[in-house]
Amino acid sequence: MTGVETDTDRRIARGVAVVVVTYRRPAMLAQLLESVAGSTLLPEHLVIIDNASGDETPAVVEAARAALGPVELDYRLLERNLGGAGGFHEGVRLAHAAGAEWMWLMDDDVALAPSGLETLLAHAGRYRCLMGERENSDGRPFFFQNVFFPALGVALPRPGNLFRRADVWHTNLATFEGLFVHRSVVDAIGFPDPRFFITWDDLAYGWLASHVTDVVCVKGVVLQRLRHQRQISLGVRHLAEASDLSRFYMMRNRGLLVHYLRARGRYRPIPFAFGTALVALKEVLRLVAVERRLKGMGSITRGMREARRIARDDAWSGLPEVPPADRP
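Numbering (this note's numbering), first residue to last: 330 to 657.
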């Protein structure tokens with residue numbers, strides 16, 4: 330049961346687990362762990378999934394143990410890189426098995442706002458799947474595509490200040506950069522799908538969650554991004570630099586998204602094909618306008634071919650079931 334207790338003069342949120350997936354960013358991970366230790370309210374558990382970084386990440390984690398004090402730290406070094414999707418699958422599985430009531434998911438390139446956990450828990454009595462505001466490394470608000478349109482299979486922004494009339498707004502998607510989810514939701518929809526590897530995994534997970542509970546974003550900065558990226562603003566959205574690997578999976582994983590939509594009777598081939606064209610155009614624009622190069626187009630076309638193959642796979646099945654776990 331979630332509750333706040335005091336242990337050696339540190340306030341601890343019992344039943345809360347922070348789940349971090351890291352890959353070859355030990356310096357940023359050190360800043361993240363420092364921010365966890367400096368929080369006004371500590372999580373009971375901290376699960377760190379290392380995607381086979383092969384660097385000094387284990388030493389960074391060990392160096393942080395003393396500062397984390399009463400936080401129960403579970404560090405797992407994977408044998409191979411499973412991507413963010415595979416890492417969050419493993420991290421949520423471990424936190425769930427440890428009996429966590431709430432799981433706060435994040436990458437290694439963010440830092441916690443000092444009172445970020447308290448901001449989220451203030452809404453935990455009413456909502457079971459929520460996110461807070463995020464800041465860029467320069468302190469500006471982080472741009473968030475905040476509504477998923479199933480027909481097109483894309484996320485688009487709502488214009489204007491969403492907190493103008495209330496401190497909470499509803500959505501139908503999520504981001505693993507800060508998702509705060511209750512175990513009852515995980516029980517209902519399963520663990521994150523590792524087949525995505527990277528990209529679209531959190532959107533799909535949030536869309537699944539929206540079928541069993543309200544998914545909301547609450548007012549108050551809870552995370553700050555540590556990594557600076559080149560980006561441009563198009564008004565209705567921002568475009569940041571990306572890797573060719575990310576571009577490939579951006580297109581490839583639309584094949585998985587087809588199955589998610591089809592399983593719930595929401596797949597419409599023609600609108601979805603138009604959405605795919607929009608995503609491809611966005612990736613081309615990212616290359617030309619942000620990264621100022623053409624090399625990388627091949628990753629887009631390869632991803633599209635792989636997406637078609639996956640979409641035709643009749644052996645595809647849904648998320649794995651969550652095994653029953655005894656509460657500690």
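Idealized CB from N, CA, C, for every residue including glycine.
For a quick check, are the C-beta atoms of residue i and residue j less than 8 Å apart?
i	j	result
Val-613	Ile-629	yes
Gln-360	Glu-464	no
Thr-528	Tyr-596	no
Leu-411	Pro-523	yes
Lys-548	Asp-516	no
Ala-503	Ala-538	yes
His-499	Val-550	no
Gly-398	Arg-469	no
Ala-644	Gly-584	no
Asp-436	Val-350	yes
Ser-466	Thr-369	no
Gly-625	Arg-576	yes
Leu-555	Ala-440	yes
Asp-543	Tyr-456	yes
Val-514	Phe-417	no
Leu-375	Val-400	yes
Taking all protein chains shown into account, do 16 or more other C-beta atoms lie within 10 angstroms of the C-beta of residue i, making it buried, or fewer, making it exposed?
i	result
Ser-382	buried
Pro-372	buried
Ile-377	buried
Asn-490	exposed
Asp-622	Per the sequence shown, the amino acid found at residue 622 is Arg instead of Asp. By the neighbour-count rule (16 or more Cβ atoms within 10 Å), Arg-622 is not buried but exposed.
Arg-615	buried
Glu-391	exposed
Ile-341	buried
Asp-655	Here the model assigns Asp-655 a pLDDT of 34, short of 50, so the residue's position is not dependable and the matter cannot be decided.
Phe-478	exposed
Ile-599	exposed
Leu-610	exposed
Asp-384	exposed
Asp-336	exposed
Pro-521	buried
Gly-415	buried
Arg-512	buried
His-540	exposed
Glu-334	exposed
Asp-438	buried
Cβ of residue i versus every heavy atom of the ligand NAP: is any distance shorter than 7 Å?
i	result
Thr-500	By its list of ligands, the structure shown contains no ligand whatsoever, and the ligand NAP lies outside what it can speak to.
By the DSSP assignment, the beta strand (DSSP E) with residue i in it spans what residues?
i	result
Trp-498	497–500
Pro-372	371–379
Arg-409	No beta strand (DSSP E) holds Arg-409; DSSP gives it neither H nor E.
Arg-340	339–351
Arg-554	544–554
Ala-295	A question about residue 295 goes unanswered here, because the residues of the chain that appear run from 330 up to 657.
Val-333	332–336
Quick one: what's got a C-beta closer than 6 Å to residue i's C-beta in the same chain, skipping five residues either side?
i	result
Ala-396	Ala-366
Val-389	Pro-355, Leu-358, Ala-359
Phe-492	Lys-548
Thr-605	Arg-583
Can you list, in chain order, the residues of its chain with a C-beta nearer than 7 Å to that of residue i? Leave out the 5 residues immediately preceding and following it.
i	result
Leu-586	Gly-482, Trp-529, Ala-533
Phe-509	Trp-431, Trp-433, Leu-449, Leu-459, Met-460
Ala-695	Examination of residue 695 is not possible in this model, given that the chain is present from 330 through 657 alone.
Arg-394	Leu-402
Arg-353	Ser-382, Asp-384
Taking residue i as part of the alpha helix (DSSP H), name the residues at either end of that continuous run.
i	result
Ala-393	386–397
Ala-480	That residue, Ala-480, is in no alpha helix (DSSP H); it is neither H nor E in DSSP.
Leu-532	530–538
Asp-516	512–518
Gly-604	598–614
His-452	No alpha helix (DSSP H) holds His-452; DSSP gives it neither H nor E.
Ile-527	Ile-527 -> no alpha helix (DSSP H), and no H or E assigned at all.
Ala-640	626–640
Val-587	583–592
Just to confirm my understanding: we take residue i, look at its own chain, exclude 5 residues before and 5 after, and list those with CB closer than 8 Å. What are they?
i	result
Thr-331	Ala-342, Arg-343, Gly-344, Val-345, Glu-430, Trp-431, Leu-450, Ala-453
Leu-574	Ile-527, Ser-628
Pro-387	Asp-379, Tyr-404, Leu-406
Pro-657	Here Pro-657 scores only 24 on pLDDT, less than 50, and its place in the model should not be relied on; the value that follows carries that caveat. Ala-427, Gly-428, listed in sequence order.
Let me check one thing: in DSSP terms, what residues is residue i bridge-paired to?
i	result
Met-460	Cys-546
Asp-522	DSSP lists no partner for Asp-522.
Asp-403	Val-376
Trp-433	Val-347, Phe-509
Pro-355	Its beta-bridge partners do not exist; DSSP assigns none.
Pro-470	Glu-464
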